[in-house]
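Participant:
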Amino acid sequence: MKSGQTIADLDLHAYADQQLDRARRAEVEDYLAHHPEAMAQIQEIRRLDQALHSLFDPVLTEPMPTTIQLPWIKKRVLLRAAAVVAWVGLGTVLGWGLNNLVGFVSSAPMEAQLVRPAAFAHVIYTAEIVHPVEIGAEEEQHLIEWLSKRLRTPIRAPDLAASGYNLVGGRLLPSTDRMAAQFMYENTLGQRVTLYMRRGAWDNHATAFRYSQSRGVGVFYWIDGPLGYALSAELEKAELLKLAVLIHPQVKP
Amino acid sequence: MEQLEQLITEQIPRLRRYARALIRGDHSRADDLVQDCLERAWTRWHLWRRGSDMRAWLFTIMHNLYVNDVRRYRNGPSFVSLEHEHHDIPGDGADTDEALVLEELHAALATLPLDQRSILLMVSLEGMGYAQVAKITGVPVGTVMSRLFRARQHLRKILSAPIPGQVG
Chain A
805 MKSGQTIADL DLHAYADQQL DRARRAEVED YLAHHPEAMA QIQEIRRLDQ
855 ALHSLFDPVL TEPMPTTIQL PWIKKRVLLR AAAVVAWVGL GTVLGWGLNN
905 LVGFVSSAPM EAQLVRPAAF AHVIYTAEIV HPVEIGAEEE QHLIEWLSKR
955 LRTPIRAPDL AASGYNLVGG RLLPSTDRMA AQFMYENTLG QRVTLYMRRG
1005 AWDNHATAFR YSQSRGVGVF YWIDGPLGYA LSAELEKAEL LKLAVLIHPQ
1055 VKP
Chain B
863 MEQLEQLITE QIPRLRRYAR ALIRGDHSRA DDLVQDCLER AWTRWHLWRR
913 GSDMRAWLFT IMHNLYVNDV RRYRNGPSFV SLEHEHHDIP GDGADTDEAL
963 VLEELHAALA TLPLDQRSIL LMVSLEGMGY AQVAKITGVP VGTVMSRLFR
1013 ARQHLRKILS APIPGQVG
């Protein structure tokens, strides 16, 4: 096809939309050089495109509304909440039975006072869409001061940005016989991890990391000084360990 | 599976922009459509061919959801008075003429037949090729081109002033 021949409106649109192959594009460009009214039409199409972008591009950078729920997170949380409720229930029955049969079991306090309440608090609050935390990360200073005061020991919210998790906020919780604090973190995929801490019968001890897992909720826990710490998430053990290693030095008393 | 979740998540801002442009009025209706699309995609993830275009797949799902149940996502009449949507207009109001034209364009979009509006938005806003839009909407490429042409003609006629702006 020779240049200047049969350039139709549809060709101009296809040119503006970059839908022509190289040969046809050259023909249209040649035509445009000699037909200013066609060039004006192209520019009108481009201005319309730009106007649509001006109108709707702001949506791209809006924060994700809380009404949109990622279906994979919703489903997992429901399944795991059920699993953990069963787990906690069974643990309570067994713990009660053991305590009555053989008296005090040394590993029991950490399991009963730290791990199970932490895992339970994790599934309860990570499932929350509207109120995941009591005080948000934007008031971090206030959150830290308040929780330190209530737990009667200085506590810190570790920085997990290196692993892609940002602080959502935290809350004060009743635990078995004391108060506990929970910090929640979230990554861009909406995956959440929680760090739970409280005092206990283990005051001023230190332990290595221990791991406990039930139906998808993994917990790394340790004691360091006055506080016991439990990190919970629906993550592979290796992934969770990386986070625990990142947290441990930051919360050291 | 991790990868699939990430691929879907990455497309959410684009899905929201498209839904917002497609459905005039209550923003929550647009997000309802996005939510339904995510749910549908998640229950049918096995239909997605690994390595294929995630955006095209999600837009196909969203297009079908909307076309098959337009009434569900439409909040009352398709026309909403302009006063309700001032917050949609970007900028600080300094350039009032441009803001007014944009506002008028926003209203004019709603007067386009659905099959023209969706094609215009996929090409103009999403920058999709004609062949891809044809596949998503299930019509021949020639039909995509003629509907796109008619959509732009219609907007041109309905706007009281040409759209301002510098383009190369």
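Protein sequence lines correspond, in order, to chains A and B.
Read in order, the letters of the first sequence are residues 805 to 1057 in my numbering.
Read in order, the letters of the second sequence are residues 863 to 1030 in my numbering.
Glycine included, C-beta positions come from ideal geometry on N, C-alpha and C.
(1) Closer than 9 Å by beta-carbon distance: list the chain B residues that pair up with Val-832 of chain A, in chain order.
(2) So, helix, strand or coil for Trp-1006 of chain A, using DSSP?
(3) Which value, in whole angstroms, describes the spacing of the CA atoms of Glu-831 of chain A and Gln-847 of chain A?
(4) How many whole angstroms separate the CB atoms of Ala-996 of chain B and Val-1006 of chain B, which I take to be in contact at a CB cut-off of 8 Å?
(5) Return yes when the Cβ of Tyr-1025 of chain A is within less than 7 Å of the Cβ of Met-1001 of chain A, no when it is not.
(6) In the DSSP output, what is Leu-1031 of chain A paired with across the bridge?
(7) Rounded to a whole number of angstroms, what is the C-alpha to C-alpha distance between Arg-906 of chain B and His-889 of chain B?
(8) Any beta carbon of chain B sitting closer than 7 Å to that of Gln-854 of chain A?
(9) Consider the Cβ of Phe-908 of chain A: report whether some Cβ of chain B lies at a distance smaller than 7 Å.
(10) Starting from the Cα of Phe-921 of chain B, find the closest Cα among B:Ala-881, B:Arg-912, B:Arg-911, B:Arg-933 and give me that residue.
(11) Going along chain A in order, which residues have a C-beta closer than 9 Å to the C-beta of Ile-874 of chain B?
(12) Let me check understanding here. Comparing Cα to Cα, which of A:Arg-920, A:Ala-1037, A:His-838, A:Gln-917 lies closest to Ala-931 of chain A?
(13) For the stretch 982–996 of chain A and the stretch 950–966 of chain A, state whether three or more C-beta atom pairs, one from each stretch, are separated by less than 8 Å.
(14) Answer with yes or no whether the minimum CB distance from Arg-975 of chain A to chain B is below 7 Å.
(15) At the 7 Å Cβ level, is Thr-999 of chain B part of the contact set with chain A, yes or no?
(16) Got a sec: is the Cβ-Cβ distance from His-968 of chain B to anything in chain A below 7 Å?
(17) Check each candidate in A:Ile-928, A:Gly-974, A:Val-937 and name the one with the smallest Cα separation from Glu-949 of chain A.
(18) State the beta-bridge partners of Asn-970 of chain A as determined by DSSP.
(19) Within the 7 Å Cβ cut-off, does His-817 of chain A reach chain B?
(20) What does DSSP give as the partner residue(s) for Tyr-1015 of chain A in the beta ladder?
(21) The alpha helix (DSSP H) with Val-937 of chain A in it runs from where to where?
(22) Excluding the five sequence neighbours on either side, which residues of its own chain have a C-beta within less than 6 Å of the C-beta of Leu-836 of chain A, listed in chain order?
(23) Is the number of C-beta pairs between the stretch 890–900 of chain B and the stretch 1035–1054 of chain A that are closer than 8 Å three or more?
(24) By DSSP, does Leu-1021 of chain B sit in helix, in strand, or in coil?
(25) Hey, could you find the ends of the alpha helix (DSSP H) Asp-931 of chain B is sitting in?
(26) Indicate whether His-935 of chain A and Thr-998 of chain A have their beta-carbon atoms separated by less than 7 Å.
(27) Using CA coordinates, which residue listed in B:Val-1003, B:Pro-1002, B:Gly-989 is at the minimum distance from Ala-820 of chain A?
(28) Using DSSP's beta-bridge definition, name the partner residues of Arg-996 of chain A.
(29) Please state if the CB of Leu-852 of chain A and the CB of Ile-1020 of chain B are separated by a distance shorter than 7 Å.
(30) With DSSP as the reference, identify every bridge partner of Pro-978 of chain A, one or two as the case may be.
Facilitator: Based on what the coordinates show:
(1) Under the 9 Å cutoff, chain B gives no residues; its nearest Cβ is about 15 Å from Val-832 of chain A.
(2) coil
(3) 18 Å
(4) 5 Å
(5) no
(6) A:Arg-1003, A:Asp-1028
(7) 26 Å
(8) yes
(9) Reliability of the predicted coordinates at Phe-908 of chain A is poor, the pLDDT of 30 falling under 50, and the value obtained from them is presented with this limitation in mind. It does not; no Cβ of chain B falls within 7 Å.
(10) B:Ala-881
(11) Met-868, Ile-872, Leu-874
(12) A:Ala-1037
(13) yes
(14) no
(15) no
(16) yes
(17) A:Gly-974
(18) A:Glu-990
(19) yes
(20) A:Phe-1024
(21) Note, Val-937 of chain A: premise wrong, no alpha helix (DSSP H); not H, not E.
(22) Ala-842, Met-843
(23) no
(24) coil
(25) Counting along the chain, Asp-931 of chain B falls outside any alpha helix (DSSP H), and DSSP gives it neither H nor E.
(26) no
(27) B:Gly-989
(28) A:Glu-990
(29) no
(30) A:Met-983
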